[in-house]
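Accompanying notes for the structure given below.
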Amino acid sequence: MKFVRTILVLLVLLTPVVSAVEVSAQDTVTIEWWSVNSEEYSEEAQRALAEAFMAEHPNIKVNLTILPESGFQDKMTTTLGAGEGAPDVAFFWDTNWYPQALDLTAYIEADPDLGPETYFEGFWKTRAVWQDKVVGLPLGVGANFVMYNKDVFDAAGVAYPTDDWTTEDFIRIASEVADPDIKRWGGDRPRDAYRAIWNNYGAFLYSDDSTTVDGYFNSEANIAAYTWLWDLVASGATPTPADIEILGTEGTGPVDLFMAGRLAMATLNQGHMLNAIEAGVPFGIVPEPQVPGNERYVNAWSLTSSIWAGTEHPDEAYEFLSYWVGPEGQRFLMENGNLFPSIPEVLAEYEYADQDYAQAFFGVLELKQVAEWKNEHPCFGTVNRAVSDVWDLVELGEIGRDEIASTLNDYMDDAQAALDECVPRLGG
Amino acid sequence: MSQNSITTPRHRWRNDWWLITRKIIGHVSAYVIMTALALVFMIPLLWMLSTSLKGRWEIFAWPPTWIPETFHWENYQEAFAKYPLARFMGNSAFLVVMNIIGELVSVPLIAYGFARLRFPYKKTLFMLMLSTMMVPGHIKLIPLYNVFSRLDMIDTYWPLILPSFFGNPFFIFLMVQYIRTIPRELDEAARIDGAGTWTILYRIILPLCRPPLTVIIVFTFLWTWNDFLQPLVYLNDFNKYPIAIGLAFFRGRYSVEWNLFMAATLVSIIPILIIYFFAQKHLIGGISSIGIKG
């Protein structure tokens with residue numbers, strides 16, 4: 001009995017230690033804001049932004065929770081799945097979360113300062129609008145482009161790539177600059193099919209009306225894109241996916257290899273560009289290679305920032321969201337962090353806008369976005385997963401160059417079945 | 001005719017010499033192999049140490065270097081300056097202590113019940129309890145979140161502590177198996193001497209259960225120290241995060257600061273190494289005794 005009594009006393013004593021103390025003021029509304037710490041918006045910058053907002057809105061308290069990048073997805077998925085405990089305002093960067101985002105259409109229509117015309121058109125279309133609803137506002141811009149290490153090119157005596165380079169140029173230059181003796185690769189490989197280079201070839205997975213894969217998955221354009229990949233793999237000038245995985249880039253792009261001078265060219269993004277500037281690595285930027293005569297695409301993104309549909313304070317949440325992702329907030333994060341705003345008039349104020357790298361980055365943003373087609377075709381992911389073996393077979397060098405067309409034909413039924421199954425479920 | 005009868009002193013000396021040499025060669029080989037294996041197992045740790053002292057982009061240079069060009073001891077300082085790692089480790093230590101208390105309170109009680117007491121549907125309940133081990137933790141996450149949310153315990157340590165006070169099926173299973181190996185005669189003798197159930201448990205059974213209790217302490221320590229998902233889901237306040245979450249902050253959206261990450265990780269595993277150093281004898285003894293006797 002003495003033991004049980006000791007435990008009970010211990011529990012009673014510990015209660016105040018582990019209990020959260022809830023402080024609530026009667027006249028203020030607290031908005032829960034979840035975010036991550038990033039190269040573009042540090043914790044300090046975001047806390048300062050919240051302070052600035054609260055100074056202007058004394059009736060609203062913003063409670064910022066900073067989560068690790070790798071945990072944000074799990075925490076959001078859990079709380080949204082539980083239907084409780086989700087934040088009032090947060091990134092809704094997973095499209096699966098969109099159904100639980102508050103429809104902002106009415107707020108946007110009533111807001112004289114904010115609307116579709118405020119943002120880059122492409123990002124509004126791909127990151128704010130979903131199924132005719134406004135599910136969020138796009139924060140910042142990001143894009144993939146090819147960064148090349150000038151020192152490595154100079155040492156190899158190879159001319160730098162230029163904006164008008166082609167996919168064939170990519171393989172040629174990568175092969176010229178690669179040096180297996182010192183474990184240096186010329187360029188990286190695309191991370192998946194149907195990104196910018198596939199679109200540059202004019203290759204799409206299925207028809208625009210989402211009815212058939214015939215004439216698309218097995219099209220000449222798709223065969224050409226896969227043949228280009230086959231040639232790139234066969235050149236030996238690129239690290240394998242296993243190399244990339246082992247050499248520690250954690251799915252963010254092979255920046256570590258690039259910065260160490262072991263990858264002469266790499267498909268990276270504006271965050272990596274900032275890394276290179278900080279480290280003093282001399283680099284240049286060109287868009288992903290084009291296919292002459294075809295429209296050119298870019299894999300670009302912005303972070304959908306939304307209000308949870310379950311919020312108890314939608315008005316106050318919108319007040320904060322429109323500040324954070326509006327011109328004021330994005331300007332604040334640009335000046336106090338490294339954000340590239342998704343608002344053209346604010347981006348134009350970027351301090352180093354006249355630098356070559358900034359001009360090159362801004363130029364890439366003007367290309368047509370890969371996400372546009374994907375956003376309008378919600379079954380893309382399902383169909384792509386059904387045929388992902390084709391990608392693996394080419395990447396692993398398990399089929400011959402002349403077997404690409406027949407391999408695509410072999411997967412036609414799987415692709416069509418996936419499309420037929422998905423469209424009634426998610427829409428066309 | 002026995003072999004000894006034809007053994008001359010010279011033969012005997014040769015035999016002895018051969019035996020001694022064989023013994024020495026055996027010992028030396030064993031040590032060489034074990035040292036080599038130990039070094040192989042040490043490689044990740046040594047690489048972590050080397051990485052923690054390198055410049056950020058030196059890590060991926062070719063050929064790889066074990067000794068950094070310049071020793072960046074400031075990486076450790078920077079890692080601690082960037083995030084409150086000491087606080088995170090303190091939070092982890094608190095969770096570890098509380099979970100160990102919880103398991104030590106609950107597991108012996110439940111295990112003793114299953115191992116010694118008689119009650120209806122005992123086998124069924126035992127099987128039911130064991131079957132909960134088959135349910136992946138991720139599946140329970142959302143329902144448990146709902147439960148703790150309704151108890152108004154989100155952003156407190158309770159969801160991370162309370163479950164341990166209700167027992168862990170794996171530990172209960174271990175303990176039941178161990179208690180079953182203790183002769184019932186000891187219980188009966190104590191009962192004849194006037195001991196009740198509680199006295200038998202705490203005075204007779206528990207003192208004999210040191211091996212499984214050590215296993216419980218060490219595993220609870222490891223699992224709690226390394227747990228990332230549950231604290232992530234239940235805690236919102238940055239200052240309450242344990243070290244497993246703190247380390248994740250070194251991975252940015254677009255890149256990882258490997259040198260700082262390794263410096264922080266190396267410091268964070270020191271408590272685990274210390275615990276293992278002191279507990280390894282009991283831990284291995286505990287596991288083997290449970291395995292053999294169970």
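Chains as they are written, first to last, in our numbering: chain Z, 1 to 428; chain C, 1 to 294.
Virtual Cβ for every residue (Gly too), placed ideally from N, Cα, C.
Computed from a predicted structure; not experimentally measured.
| request: Examine chain C for any beta-carbon lying closer than 9 Å to the beta-carbon of Asp-420 (chain Z), and answer yes or no. | output: False, the Cβ-Cβ gap to chain C never drops below 9 Å.
| task | Determine the extent of the beta strand (DSSP E) in which Ser-29 (chain C) is found, giving its start and end residues. | result | Careful: Ser-29 (chain C) lies outside any beta strand (DSSP E), inside the alpha helix (DSSP H) at 9-52.
| field | Met-42 (chain C), buried or exposed, once every other Cβ within 10 Å from all chains shown has been counted against 16 | value | Per the 10 Å Cβ criterion, exposed.
| query | Would a check of beta-carbon distances place Ala-264 (chain C) closer than 9 Å to chain Z? | reply | Between Ala-264 (chain C) and chain Z, the shortest Cβ-Cβ separation is not below 9 Å.
| field | Span of the alpha helix (DSSP H) around Glu-109 (chain Z) | value | Unbroken alpha helix (DSSP H) run through Glu-109 (chain Z): 105-110.
| field | Own chain, CB closer than 7 Å to Ile-272 (chain C), minus 5 neighbours either side, in chain order | value | Here Ile-272 (chain C) has Leu-222 and Trp-225 as same chain residues with Cβ atoms under 7 Å from its own Cβ, once five neighbours each way along the sequence are excluded.
| field | Residues that Tyr-145 (chain C) contacts on chain Z, provided the C-beta gap is smaller than 9 Å | value | Listed by position along chain Z, the residues whose Cβ is nearer than 9 Å to that of Tyr-145 (chain C) are Thr-78, Thr-79, Gly-81, Ala-82, Glu-84 and Gly-85.
| Counting along the chain, where does the beta strand (DSSP E) carrying Gly-142 (chain Z) start and finish? | For Gly-142 (chain Z), the uninterrupted beta strand (DSSP E) segment begins and ends at 137-149.
| field | Buried versus exposed call for Gly-215 (chain Z) [16 or more other C-beta atoms within 10 Å across all chains shown] | value | The residue is exposed, with fewer than 16 neighbouring Cβ atoms inside 10 Å.
| Roughly how many angstroms separate the alpha carbons of Pro-87 (chain Z) and Trp-34 (chain Z), rounded to a whole number? | Going from the Cα of Pro-87 (chain Z) to the Cα of Trp-34 (chain Z) covers about 6 Å.
| query | Who are the neighbours of Leu-229 (chain C) on chain Z, taking C-beta pairs under 7 Å? | reply | In chain order, Asp-74 make up the part of chain Z whose C-beta sits under 7 Å from the C-beta of Leu-229 (chain C).
| Just how far apart, CA to CA, sit Lys-140 (chain C) and Gly-81 (chain Z)? | Taken atom to atom, the span from the alpha-carbon of Lys-140 (chain C) to that of Gly-81 (chain Z) is near 12 Å.
| query | Between Val-152 (chain Z) and Ala-61 (chain C), what straight-line distance do the alpha-carbon atoms span, to the nearest angstrom? | reply | Distance between the alpha carbons of Val-152 (chain Z) and Ala-61 (chain C) is about 13 Å.
| Ser-29 (chain C) classed as buried or exposed, judged by whether at least 16 other C-beta atoms fall within 10 angstroms | With fewer than 16 other CB atoms across the displayed protein chains lying within 10 angstroms of its CB, Ser-29 (chain C) is exposed.
| query | Roughly how far, in whole angstroms, is the beta-carbon of Val-36 (chain Z) from the beta-carbon of Leu-67 (chain Z), given that I think they are within contact range, below 8 Å? | reply | That pair is a contact at about 6 Å.
| said: Just to confirm the assignment, what range does the alpha helix (DSSP H) spanning Ala-59 (chain Z) have? | reply: In the sequence as displayed, the identity of residue 59 (chain Z) is Asn instead of Ala. It is not in any alpha helix (DSSP H) - Asn-59 (chain Z) carries neither H nor E in the DSSP assignment.
| said: Counting only beta-carbon separations shorter than 9 Å, does Ile-142 (chain C) have a partner in chain Z? | reply: Yes, Ile-142 (chain C) counts as interfacial toward chain Z.
| task | Give me the Cα-Cα distance between Leu-347 (chain Z) and Phe-340 (chain Z), rounded to the nearest whole angstrom. | result | Near 6 Å, if we compare the C-alpha coordinates of Phe-340 (chain Z) and Leu-347 (chain Z).
| task | Could you tell me which uninterrupted alpha helix (DSSP H) segments, each at least 4 residues in length, are contained entirely in the stretch 161-224 of chain C, listed from first to last along the chain? | result | Look at the stretch 161-224 of chain C and you find these whole runs of alpha helix (DSSP H), each 4 residues long or longer: 169-181 and 184-192.
| query | Thinking just about the alpha-carbon of each residue, which of C:Tyr-241, C:Val-147 and C:Ile-270 is nearest to the one in Phe-94 (chain C)? | reply | The shortest Cα separation from Phe-94 (chain C) among C:Tyr-241, C:Val-147 and C:Ile-270 belongs to C:Tyr-241.
| message | Just to confirm, is the Cβ distance from Pro-39 (chain Z) to Asn-299 (chain Z) under 9 Å? | response | Checking the displayed sequence, the identity of residue 39 (chain Z) turns out to be Glu instead of Pro. With respect to Asn-299 (chain Z), Glu-39 (chain Z) sits apart: the two C-beta atoms are not nearer than 9 Å.
| Burial state of Pro-292 (chain Z) (16 or more Cβ within 10 Å) | Pro-292 (chain Z) is classed as exposed because its beta carbon has fewer than 16 other beta carbons within 10 Å across all chains shown.
| query | Counting only beta-carbon atoms, is Val-36 (chain Z) nearer than 9 Å to chain C? | reply | For Val-36 (chain Z), the nearest beta carbon of chain C is closer than 9 Å to its own beta carbon.
| request: Can you tell me which of the three DSSP states Gly-280 (chain Z) falls into? | output: DSSP places Gly-280 (chain Z) in coil when its eight states are reduced to three.
| said: Quick check: the Cα distance between Pro-44 (chain C) and Ala-386 (chain Z), rounded to an integer number of angstroms? | reply: Taking the Cα positions, Pro-44 (chain C) is about 37 Å away from Ala-386 (chain Z).
| request: Name, please, each residue of chain Z whose Cβ falls closer than 8 Å to the Cβ of Arg-253 (chain C). | output: In chain order: Val-36, Ser-38, Glu-39, Glu-40, Glu-69, Thr-252 and Gly-271.
| request: Give the C-beta separation of Leu-257 (chain Z) and Leu-247 (chain Z) to the nearest angstrom, bearing in mind that I take them to be a contact with Cβ-Cβ under 8 Å. | output: Contact holds; Cβ gap of about 6 Å.
| said: Among the candidates Z:Ala-360, Z:Gly-261 and Z:Leu-333, whose CA atom is the shortest distance from the CA of Leu-49 (chain Z)? | reply: Residue Z:Leu-333 is the option with its Cα nearest to Leu-49 (chain Z).
| request: Would you tell me roughly how many angstroms separate the C-alpha atoms of Leu-213 (chain C) and Tyr-276 (chain C), rounded to the nearest one? | output: Taking the straight line joining both Cα atoms gives about 15 Å.
| query | If we count Cβ pairs, one from each stretch, closer than 8 Å, do we get three or more for the stretch 95-113 of chain Z versus the stretch 125-136 of chain Z? | reply | Touching, yes, given that three or more Cβ pairs across the two stretches are closer than 8 Å.
| query | chain C partners of Thr-238 (chain Z), CB-CB under 8 Å? | reply | Simply none; closest approach about 16 Å.
| query | What residue from Z:Met-265, Z:Pro-327, Z:Glu-117 and Z:Trp-308 has the CA that sits closest to Pro-190 (chain Z)'s CA? | reply | The alpha carbon of Pro-190 (chain Z) has as its nearest neighbour, out of Z:Met-265, Z:Pro-327, Z:Glu-117 and Z:Trp-308, the alpha carbon of Z:Met-265.
| Candidates Z:Pro-112, Z:Lys-61 and Z:Asp-103, of which the one nearest Val-129 (chain Z) by Cα | Ranking the options by Cα distance to Val-129 (chain Z), first place goes to Z:Asp-103.
| Are Thr-167 (chain Z) and Tyr-119 (chain Z) closer than 9 Å when you measure CB to CB? | Result no, Cβ atoms of Thr-167 (chain Z) and Tyr-119 (chain Z) do not sit closer than 9 Å.
| task | State the Cα-Cα distance for the pair Tyr-323 (chain Z) and Ala-317 (chain Z), rounded to the nearest angstrom. | result | Each residue's Cα considered, the two are about 10 Å apart.
| Residue from Z:Asp-209, Z:Ile-31 and Z:Pro-180 with nearest C-alpha to Leu-419 (chain Z) | If we check each option's Cα against that of Leu-419 (chain Z), Z:Asp-209 comes out closest.
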